[in-house]
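Protein chains in written order, with my numbering: chain P, 23 to 232; chain B, 551 to 889. We put the beta carbon where it would ideally sit given N, CA and C, even for glycine. Remarks on the structure that follows.
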Amino acid sequence: MRYIIDHPERMLELTQEHVRLVAISIVVAMVIGIPLGILITRLRWLEDSLIGITGVLYTVPSLALFAILMPYTGLGRTTVIVALVLYSLLAIVRNTVAGIDDVPAATLDAARGMGMTGSQRLLLVELPLALPVVLAGVRVATVAAVGIATVGALLGAGGLGRLIFDGISRGNTDRIVAGALGASVLALAADWTLARLGDVLRRDVRLNAR
Amino acid sequence: MIVLEHVSKTFTSHGQSVPAVDDVSLEVGEGELHVLIGPSGSGKTTTMRMINRLETLTSGRILIDGRDIQTMNVVELRRGIGYVIQQGGLFPHFTVADNVAVVPRLLGWTRQKRRQRAEELLALVGLPPEQFANRYPRELSGGQQQRVGVARALAVDPPIVLMDEPFGAVDPITRKQLQRELRRIQAEVRKTIVFVTHDIAEAFLLGDRIVLMAQGRIVQDGTPSDLLRNPADPFVTAFIGEDRGLRALQFTSLGEVARPAPPGALANGMVLPGTLSILEAGRELGVHGDAIGDGIWVSDDAGNPTGYLTYQQFAAVLGETLAADAESPHDELVHAIHH
């Protein structure tokens, strides 16, 4: 705890780096994953292979994945971001599919019967109704990404992981605690923020049944 | 005006073709409410869904005001036809007002105009807008959701409305209320309505005509009293049910059985509106205890006498109508269907 109190600027700086890493990764994962999920609901035969691939990616240990990616993306942030994107895809793609599948048939029937085009159905009905489930996937992916990103410090991607690895090499427990605590608090904060975002976007449901 | 000409629909399942609708021809006149009724699998819902092309027809033609719907843009066709389904099919993430204004939104109406229209319609279906407009469907009872469903179907004032068992999922008391409301609304807006149900009482209450279907075909297409008095075959009788006599009492109006007043009739009889059912008239007489004068003067909406029945004639009508049940030769069939 001493380290956090003595170095507030350093903590802030590393937290910002960490947030940037995770935010970029999650946004990219959403940009890829949500359309992939939609595609699966339209072309069902893609489901097994795509979900399978994202599932396999998820099981690769982070250090191994960094090592696999390094020849292509080098040392540094890019490798970490690519890895985080790959890890996040499983939760986001799978939840997008589940969320859209959950839209009641009667609701879709009403939408068609009232003369919505395919894209109107998607944008006005399917995606908004799937949102709570999609967002749940994003939350899971984000919390996991905050944790995995700490390992990224090994590749020089920065973030709170630096404190942890510094602490380990110097035998400084205080730094390890500062990095670990920072990452945990960050994960909780991100989760909470996304839940509130869901409440705002879907005022009819309290996503977080408290 | 909706015309179905020799419409058939065949589904393919496991390589076999199964006829769902088999050579159905039907005419729904302007401003009329036609009820499609029949047991499940009779093709009533499929027939209705072909009108807004939620199902494609295999052969035949459907014309709306003389235009073949197959030649029309499907999205425009649907936007011009109101559609109500069971449990409303409301969008849970839209407020009540936004639900009502979905089609106006698709048509690009301004926000203000949409809001105004939604409020008008909510008032029409008996939901005060100041109280309901900003609520979400899940905050409403089943009956209230159905009302919103009806309001939504009327949003752009379409000449045609399709209703697919709209009151099937609400409790009996609420259903009665909604049926009465629909009659009131229909008297006001005069839409051409195709209404699917499996509730025979609902069919008699709402239908200008009742189209009874079984196994993809029309068994009988007629007015409620046609079906009661001249059932086309035993199936009709069976479907209408055991208490046919009692139903006939409910669905035969005084006006239909009144005779012209004989010249010698006394003017001091009881005056009852011709729209009253025989059952209601009987109840009226019962309420008043001692009958006034010699008979009943049947009056039109304005209160002018249009016909006359002596009490004796009325009693005969009551008896005849009730007896229609007793001589029904199809008790076994009725029994089989009810169990």
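Taking DSSP as the reference, what is the three-state secondary structure of B:Val624?
-> Start at 1 with the first residue of the second sequence, and residue 624 of chain B comes out as number 74. Residue state, collapsed to three classes: helix.
Integer-rounded CB distance, given that B:Val711 should sit under 8 Å from B:Val646 = Start at 1 with the first residue of the second sequence, and residue 646 of chain B comes out as number 96. Start at 1 with the first residue of the second sequence, and residue 711 of chain B comes out as number 161. Wrong, their Cβ atoms sit about 19 Å apart, outside the cutoff.
Chain-ordered chain P contacts of B:Val653 [CB-CB under 8 Å] = As a first step, residue 653 of chain B is located in the second sequence; it is residue number 103 there, counting from the start. Going along chain P in sequence order, the residues near B:Val653 (Cβ under 8 Å) are Met136, Gly137.
Chain P partners of B:Gly658, CB-CB under 9 Å?
-> Taking the first residue of the second sequence as position 1, residue 658 of chain B is located at position 108. Those do not exist, as B:Gly658 stays about 12 Å from chain P at its closest Cβ, beyond 9 Å.
To which residues of the same chain is P:Gly174 closer than 7 Å at the C-beta, ignoring the five residues directly before and after it?
-> Counting from one through the first sequence, the residue named residue 174 of chain P turns up at place 152. So the list reads Leu43, Val102, Gly181, Gly183, once near-sequence residues are dropped.
Closest Cβ-Cβ distance between P:Arg143 and chain B: below 7 Å?
-> Translated into positions along the first sequence, residue 143 of chain P becomes position 121. No, because no Cβ of chain B sits closer than 7 Å to the Cβ of P:Arg143.
Positions along the segment 574-604 of chain B whose CB lies within less than 9 Å of some CB in chain P | Arg599, Asn602, Leu604
If you measure from the beta carbon of B:His643 to each beta carbon in chain P, is any gap under 7 Å?
-> For the purposes of this step, residue 643 of chain B is identified with residue 93 of the second sequence, where counting begins at 1. Judged by the 7 Å Cβ criterion, B:His643 is in contact with chain P.
Look at the alpha carbon of B:Phe644 and the alpha carbon of B:Pro687, and state the distance between them as a whole number of angstroms.
-> Your numbering for residue 644 of chain B matches position 94 in the second sequence. Your numbering for residue 687 of chain B matches position 137 in the second sequence. If you take the alpha carbons of B:Phe644 and B:Pro687, they lie about 8 Å apart.
Just mark P:Trp214 as buried or exposed, buried being the case when its beta carbon has 16 or more other beta carbons within 10 Å.
-> On the first sequence, residue 214 of chain P is found 192 positions in, with the first residue counted as 1. So P:Trp214 counts as exposed.
So B:Glu604 packs on B:Lys559, CB below 8 Å; how close in whole Å?
-> Here the question's residue 604 of chain B lines up with position 54 in the second sequence. Here the question's residue 559 of chain B lines up with position 9 in the second sequence. Before going further, note that residue 604 of chain B is Leu rather than Glu in the sequence given. About 11 Å separates the two Cβ atoms, so there is no contact after all.
Exposed or buried, what is B:His584 when buried is set at 16 or more other beta-carbons lying within 10 Å of its beta-carbon?
-> Taking the first residue of the second sequence as position 1, residue 584 of chain B is located at position 34. Under this definition B:His584 is a buried residue.
Helix, strand or coil at B:Gln666 according to DSSP, with G and I counted as helix = Here the question's residue 666 of chain B lines up with position 116 in the second sequence. B:Gln666: helix per DSSP, three-state reduction.
Between which two residues does the alpha helix (DSSP H) carrying P:Ser110 extend?
-> Taking the first sequence and counting its residues from 1, the one referred to as residue 110 of chain P is at position 88. 99-123 is the span of the alpha helix (DSSP H), which, as asked, contains P:Ser110.
Contact between the segment 31-48 of chain P and the segment 74-85 of chain P: three or more CB pairs below 8 Å?
-> No, because fewer than three Cβ pairs between the segment 31-48 of chain P and the segment 74-85 of chain P fall closer than 8 Å, the two stretches do not touch.
Could you tell me whether the segment 190-200 of chain P touches the segment 101-121 of chain P, where touching means 3 or more Cβ pairs closer than 8 Å?
-> no
Given a cut-off of 7 Å, decide if B:Val653 and P:Met136 are closer than it, judged by their beta-carbon atoms.
-> Position 114 of the first sequence holds residue 136 of chain P. Position 103 of the second sequence holds residue 653 of chain B. Yes; because the gap between Cβ atoms is below 7 Å, this pair is in contact.
Using 7 Å as the limit for Cβ to Cβ distance, is B:Arg628 near chain P?
-> Translated into the one-based positions of the second sequence, residue 628 of chain B becomes position 78. True, the Cβ-Cβ gap to chain P drops below 7 Å.
Determine the DSSP secondary structure at B:Leu913, reduced to helix, strand or coil.
-> With chain B running from 551 to 889 in the structure shown, residue 913 of chain B is simply not present.
Using a Cβ cut-off of 7 Å, pull out every chain P residue sitting near B:Val625, in sequence order please.
-> Along the second sequence, read from residue 1 onward, the residue named residue 625 of chain B stands at position 75. Those within 7 Å of B:Val625 in chain P are Gly137, Thr139.
Alpha-carbon to alpha-carbon, P:Pro154 and P:Leu229 | Numbered from 1 along the first sequence, position 207 holds the residue referred to as residue 229 of chain P. Numbered from 1 along the first sequence, position 132 holds the residue referred to as residue 154 of chain P. In this predicted model, P:Leu229 has a pLDDT of only 39, less than 50, meaning its place in the structure is not dependable; the value taken from the coordinates is given anyway. When rounded, the distance between both Cα atoms is 6 Å.
Sort P:Pro150, P:Leu61, P:Gly204 by Cα distance to P:Glu35 and report the nearest one.
-> Reading the first sequence from its first residue, position 13 is the one you call residue 35 of chain P. Closest option to P:Glu35, Cα to Cα, is P:Gly204.
Report the rounded CA-to-CA distance for B:Glu882 versus B:Phe789, giving the unit in angstroms.
-> Reading the second sequence from its first residue, position 332 is the one you call residue 882 of chain B. Reading the second sequence from its first residue, position 239 is the one you call residue 789 of chain B. A caution first: B:Glu882 carries a pLDDT of 42, below 50, which makes its placement in the model unreliable, though a value can still be read off. Spanning the two alpha carbons is a distance of roughly 12 Å.
Considering only C-alpha positions, which residue in the set B:Thr621, B:Ser609, B:Gly766 is nearest to B:Pro589?
-> The sequence position of residue 589 of chain B within the second sequence is 39, counting from 1. Closest by alpha carbon: B:Gly766.
Min CB distance B:Ile635 to chain P below 7 Å = As a first step, residue 635 of chain B is located in the second sequence; it is residue number 85 there, counting from the start. Interface residue, yes.
Got a sec? Which residues, its chain only, sit under 6 Å from P:Gly121 by beta carbon, not counting five neighbours each side?
-> Along the first sequence, one-based indexing puts residue 121 of chain P at 99. Once the five neighbours on either side are set aside, the close Cβ partners of P:Gly121 are Ala152, Val155, Val156.
Chain B within 7 Å of P:Pro154, Cβ atoms only = In the first sequence, counting from the first residue as 1, residue 154 of chain P sits at position 132. No, P:Pro154 does not count as interfacial toward chain B.
Rank B:Val568, B:Ile552, B:Gln566 by C-alpha distance to the C-alpha of B:Ser575 and give the top, closest one.
-> What you label residue 575 of chain B is simply residue 25 of the second sequence in a count that begins at 1. Taking the Cα of B:Ser575 as reference, the smallest distance to any Cα among B:Val568, B:Ile552, B:Gln566 is reached at B:Ile552.
Report the three-state DSSP secondary structure of B:Arg611 (helix, strand or coil).
-> Within the second sequence, the letter at position 61 stands for residue 611 of chain B. In the structure shown, B:Arg611 sits in a strand (DSSP, three-state: E or B).
What residues of chain P sit near B:Gly639, judged by a beta carbon separation below 7 Å?
-> In the second sequence, residue 639 of chain B corresponds to position 89, counting from 1. Within 7 Å Cβ-Cβ: Ala128, Thr129, Asp131, Ala132.
Distance between beta carbons of P:Gly96 and P:Ala179, contact taken as under 8 Å = Looking up residue 179 of chain P in the first sequence gives position 157. Looking up residue 96 of chain P in the first sequence gives position 74. Not quite, the Cβ-Cβ distance comes to about 11 Å (not below 8 Å), so this is no contact.
With P:Val147 and P:Val125 assumed to form a contact (beta carbons below 8 Å), what rounded beta-carbon distance in angstroms separates them?
-> Looking up residue 147 of chain P in the first sequence gives position 125. Looking up residue 125 of chain P in the first sequence gives position 103. Confirmed, Cβ separation roughly 7 Å.
Verify whether the separation of the beta carbon atoms of B:Leu829 and B:Gln863 is less than 7 Å.
-> Here residue 829 of chain B refers to the residue found at position 279 when the second sequence is read from its first residue. Here residue 863 of chain B refers to the residue found at position 313 when the second sequence is read from its first residue. Their beta carbons are not under 7 Å apart, which means B:Leu829 does not touch B:Gln863 by this criterion.
Buried versus exposed, by CB contacts within 10 Å (16 or more), P:Val222 = Translated into the one-based positions of the first sequence, residue 222 of chain P becomes position 200. The residue in question, P:Val222, is exposed, as its Cβ has fewer than 16 Cβ neighbours within 10 Å.
Chain B residues whose Cβ lies nearer than 9 Å to that of P:Pro57 | Position 35 of the first sequence, counted from the start, is the residue given in the question as residue 57 of chain P. Within 9 Å Cβ-Cβ: nothing; P:Pro57 doesn't reach chain B, min ~21 Å.
Per DSSP, which one or two residues make a beta bridge with B:Tyr858?
-> Taking the first residue of the second sequence as position 1, residue 858 of chain B is located at position 308. Paired residue(s): B:Arg809, B:Trp847.
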